[in-house]
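Peer 1: Can you read through this structure? Questions will come right after.
Structure, rendered in structure tokens:
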């Protein structure tokens, strides 16, 4: 992900690091300042909506946002950076002459807000000259004044900096003591305080929290060097995610520990150190066909790339053709009601409502109440992910609630909701899935991932690879990547664990659009088996 | 206004520094104003304008550092942001690697600002979209594209006497044109500092030709092929190579530039001075390049001058940080603002004419690293892949997945053409032998 407006802190901090977070750094205590009063937000929003209407807009929405981020970066035994950022402003989106227009400003005086609304109308009118198909919005009933908050137990922004630093340095220490030579660990905290108002009569105040604590460990040996990243997940939770409770650990004998709704970062870092030592000496995979058993912290990314993105309706329709691409999952396949996306045990669903997930909100960024719906049912493609201005193109009357913008500064557009694989109705364990495999590979953690612009051909790596022989994990192996075709891959799905094994993984900085924007999205799944998949060896002499 | 003049910036930052009670203070002022338009399905989809100005203040007490920023510029706000950065510095743990601010520096004259780029209007952007949409409709094709232009300003001042100021302009245009049945796709992109160089009609014509020419692509067996990589195809691989140039990573043994030293023996830890590529490879940075200029200073205010990274295939310089330079007793070399790869005078057309059997690649997509030791990357061809036989484009072929390293690419050079600007860099078209394609893709 490469965005021009990433904050480059090289000039204003010791550790040069480019972070995909937009915003301004502010002091720690300011993060806890009381946000703008909701009554004042409503007044400002009404100024924007009225100014837009006065200039001829037939629809307008205003998003007043205060986006708070904190990131703490450590390396080995020291803290590289502690930065608090804040960004506040208003974005106004309008329809005039049947065309979208957008403008934003950080200056939230009534005059400036009205001017932004007028500028949005001017942009819409300039573009309408060449507009051939007017925008058509699915109806949304105004909800009046409502509010929603991520259900967090410990507000991570209120946790003392010292506790955060101690946690990261303890993880670093554990990795270094157990075999790593280098480690960088980071804590990302995000709080979106966003107020949405539209000419439909909605005034929606939301307080959204997300957290991610990744690490990147390296071991150097005479054989070269190996890397291992953390197996924790980004989540829509507070600091309680880092409590690392025993009941949230799923231990795979001979392999790794998987983490459910809380993460033991120190334990995982210690394991990474040991696994790195093994990686340096591990045998290189023999290329060929294998049965793969994929753990949720790995499979989440395969779901993201091979199900989440191809079923975004804007891709299917061609709105992303110039950047992210289009999709193999074309409308004729959906209309046939017979397109076998996966085997008949494959059920994939979308939602923006799952607890702990990154996509969890009450309303999307165009005021649509969020929900859950099926994408693939019993293996057959049944639906897409859509926004208000798209859904009429698939003969549906209700938006799916998939509109999102990364900040007040950027225009909202269709973004992926959580897309997840339903667990087996029989509550079998991950080890039950492994025990039936004769010749296979168990893969944990997300590695290299690449897929074509229509989402047919993909190649994925991982963090940890284990050989499975006659139902048992035997040893750690290296240089594994699998290549497949989306439809073929999902049709080779033969078994999955049950709900006790279901875990959420996620992508904290998923990039899409022009100008590119990031969003955060979760993918839930159990440990799952795919038969007869092509595995290549990624070692190369240069 | 979010774009401030040099004089205004100097006065503002002098005032900020006067509030400081810290051992050292450094201020960065960054302003941006920009507009964009996006179109798809032969109609405009989204468009907008945005602007912002941010002041970042870094205060230092000993080796404790704090950073705070603000986007309000009255006196009370300016003093507040200084106090906040000082409070944060007092709370921060000591960073043993912290380095003091640089003193006064002198810089080359900047050539990154072009006034016409700052004058683009919503109507100009709409016209650019129409320049793709109209000919696409006339050819029964479907266009989608994006135009974005921006003006930026940067000013840096510190309490040790450093002051740097720069303004820059940039315009990006890209267009994808597809056949209605989805069997053909063509693409073109342009990136300039000066909007006067941008011809959206010409770029759209190329995308139209490639779209029509790529219909009914034939399958070829994956394997090793001679390829002609257009600059948009090789820039992604070169970018990964440039990004992996880091002295500290190399010295720590975790880079393709690490030198394997036998245990117990002394020797250089990195490959500085070693020949790693074909002798024709010359990659450098030059802030004053006439077509791809960049700011004459790095983010910390240190001057950027012309510097060779690879010349005659030999590693000439590896960028580092002030701390690592001091730690290893080497010269501080900041990363370049962009990279320039030297080439020859041969046109792409001539390169095709001189190829008996090969593959022309328009661009590469979804490039991801497979192994940082070998810089092995994977990704796919996209939007125009053609088979060349006896000096002519014979027919379009289906897209391939590649698994290849830029190190191999720069060792297997057959010919280099005339460099063009792409993504802010200068890259020549390249003819490369034995480029590895590992599988086929059905994607168009």
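Protein chains in written order, with my numbering: chain A, 1040 to 1581; chain B, 2 to 445.
No residue lacks a Cβ here, since even glycine has one placed at the ideal position from N, Cα and C.
Here the structure is a predicted model, which is why all the values come from computation and not from measurement.
So which of 378/B, 371/B, 353/B, 370/B has the shortest CA-CA distance to residue 363/B?
Peer 2: Nearest of 378/B, 371/B, 353/B, 370/B to residue 363/B, Cα basis: 353/B.
Peer 1: How far does the beta strand (DSSP E) with residue 1248/A in it extend, from its first residue to its last?
Peer 2: Taken as a continuous stretch (DSSP letters only), the beta strand (DSSP E) holding residue 1248/A covers 1241-1251.
Peer 1: For the stretch 415-422 of chain B and the stretch 338-347 of chain B, state whether three or more C-beta atom pairs, one from each stretch, are separated by less than 8 angstroms.
Peer 2: Touching, yes, given that three or more Cβ pairs across the two stretches are closer than 8 angstroms.
Peer 1: Given a threshold of 16 other Cβ atoms within 10 Å of its Cβ, counted over all protein chains shown, does residue 1062/A qualify as buried or as exposed?
Peer 2: Annotation note: pLDDT 39 at residue 1062/A (below 50); position unreliable, coordinate value reported separately. Classification for residue 1062/A: buried.
Peer 1: Is the CB of residue 1375/A under 9 angstroms away from at least one CB in chain B?
Peer 2: So, not an interface residue.
Peer 1: If contacts are defined as beta-carbon pairs under 8 angstroms, then residue 1347/A and residue 1229/A qualify, I think. What distance do you get, rounded to the angstrom?
Peer 2: Residue 1347/A to residue 1229/A, Cβ: 20 angstroms. No contact.
Peer 1: Would you say residue 1052/A faces chain B, with C-beta separation under 9 angstroms as the test?
Peer 2: Any reading at residue 1052/A is ruled out, since the residue's pLDDT is 29, under 50, leaving its predicted position unreliable.
Peer 1: How would you label residue 1079/A, buried or exposed, when you count the other beta carbons within 10 angstroms and need 16 or more for buried?
Peer 2: Exposed, by the Cβ-count rule.
Peer 1: Mapping the DSSP letters down to three states, classify residue 1529/A as helix, strand or coil.
Peer 2: Helix at residue 1529/A.
Peer 1: CB-CB under 7 angstroms to residue 338/B, same chain, minus the five flanking residues each way: which ones, in chain order?
Peer 2: Answer for residue 338/B: 286, 288, 295, 296, 305, listed in chain order.
Peer 1: Can you tell me whether DSSP reads residue 92/B as helix, strand or coil?
Peer 2: In the structure shown, residue 92/B sits in a helix (DSSP, three-state: H, G or I).
Peer 1: Are at least three pairs of beta-carbons, each pair with one atom in the stretch 129-148 of chain B and one in the stretch 205-212 of chain B, less than 8 angstroms apart?
Peer 2: Touching, per the Cβ criterion.
Peer 1: Using a threshold of 9 angstroms, state whether the C-beta atoms of residue 1581/A and residue 1479/A are closer than that.
Peer 2: The answer is no: Cβ separation not under 9 angstroms.
Peer 1: On the criterion of 16 or more Cβ atoms from any shown chain inside 10 Å, does residue 262/B qualify as buried, or is it exposed?
Peer 2: By the 10 Å Cβ count, residue 262/B comes out exposed.
Peer 1: Just checking: is the beta-carbon of residue 167/B within a distance shorter than 9 angstroms of some beta-carbon in chain A?
Peer 2: No - not a single Cβ of chain A is within 9 angstroms of the one on residue 167/B.
Peer 1: Quick check on this structure: which residue in 1571/A, 1318/A, 1245/A has the alpha carbon closest to the alpha carbon of residue 1257/A?
Peer 2: Residue 1318/A is the option with its Cα nearest to residue 1257/A.
Peer 1: Put residue 156/B into one of helix, strand or coil per three-state DSSP.
Peer 2: Residue state, collapsed to three classes: strand.
Peer 1: Using only CA atoms, which one of 360/B, 325/B, 430/B lies nearest to residue 253/B?
Peer 2: Of the candidates 360/B, 325/B, 430/B, the one whose C-alpha sits nearest the C-alpha of residue 253/B is 325/B.
Peer 1: With a CB to CB cut of under 6 angstroms and the five nearest residues on each side skipped, what residues in its chain are close to residue 270/B?
Peer 2: So the list reads 252, 260, once near-sequence residues are dropped.
Peer 1: Which residue or residues does DSSP assign as beta-bridge partners of residue 397/B?
Peer 2: 387/B, per the DSSP bridge assignment.
Peer 1: Is it the case that the stretch 1432-1440 of chain A contacts the stretch 1408-1416 of chain A, given that we only count it when at least three CB pairs across the two stretches are under 8 angstroms?
Peer 2: Judged by Cβ distances under 8 angstroms, the stretch 1408-1416 of chain A makes contact with the stretch 1432-1440 of chain A, as three or more pairs qualify.
Peer 1: Name the DSSP beta bridge partners of residue 1542/A, please?
Peer 2: Beta-bridge pairing links residue 1542/A to 1564/A.
Peer 1: Starting from residue 1081/A, follow the alpha helix (DSSP H) in both directions and report where the run begins and ends.
Peer 2: It spans 1077-1093 - the alpha helix (DSSP H) in which residue 1081/A sits, taken as one unbroken run.
Peer 1: Could you tell me if residue 1361/A is buried or exposed, where buried requires 16 or more neighbouring beta carbons within 10 angstroms of its beta carbon?
Peer 2: Residue 1361/A should be labelled buried.
Peer 1: So what does DSSP say about residue 146/B, is it helix, strand or coil?
Peer 2: Residue 146/B: strand per DSSP, three-state reduction.
Peer 1: Residues bridged to residue 216/B by DSSP?
Peer 2: DSSP lists no partner for residue 216/B.
Peer 1: Apart from the five residues just before and just after residue 1164/A, which ones in its own chain have a Cβ nearer than 8 angstroms to its Cβ?
Peer 2: Closer than 8 angstroms at Cβ, skipping near neighbours: 1095, 1135, 1136, 1138, 1140.
Peer 1: In chain order, what residues of the same chain have a beta carbon less than 6 angstroms from the beta carbon of residue 191/B, not counting five sequence neighbours either side?
Peer 2: Answer for residue 191/B: 174, 199, 204, listed in chain order.
Peer 1: Nearest CA to the CA of residue 1526/A: which residue from 1538/A, 1541/A, 1557/A, 1493/A?
Peer 2: Here the closest residue by C-alpha is 1493/A.
Peer 1: Among 44/B, 79/B, 67/B, which one has its Cα closest to the Cα of residue 18/B?
Peer 2: Ranking 44/B, 79/B, 67/B by Cα distance to residue 18/B puts 79/B first.
Peer 1: Taking 9 angstroms as the CB-CB limit, is residue 72/B close to chain A?
Peer 2: Output row for residue 72/B: interface = yes.
Peer 1: Roughly how far, in whole angstroms, is the beta-carbon of residue 1179/A from the beta-carbon of residue 1091/A, given that I think they are within contact range, below 8 angstroms?
Peer 2: Not quite, the Cβ-Cβ distance comes to about 17 angstroms (not below 8 angstroms), so this is no contact.
Peer 1: Starting from residue 172/B, follow the beta strand (DSSP E) in both directions and report where the run begins and ends.
Peer 2: Run containing residue 172/B: 164-180, per the beta strand (DSSP E) assignment.
Peer 1: Taking contact to mean at least 3 C-beta pairs separated by less than 8 angstroms, is the stretch 1273-1288 of chain A in contact with the stretch 1238-1252 of chain A?
Peer 2: They touch, by the three-pair rule.
Peer 1: Can you tell me which of the three DSSP states residue 410/B falls into?
Peer 2: In the structure shown, residue 410/B sits in a helix (DSSP, three-state: H, G or I).
Peer 1: Pick out whichever of 250/B, 360/B, 86/B has its Cα sitting closest to the Cα of residue 24/B.
Peer 2: Residue 24/B has its Cα closest to that of 86/B, out of 250/B, 360/B, 86/B.
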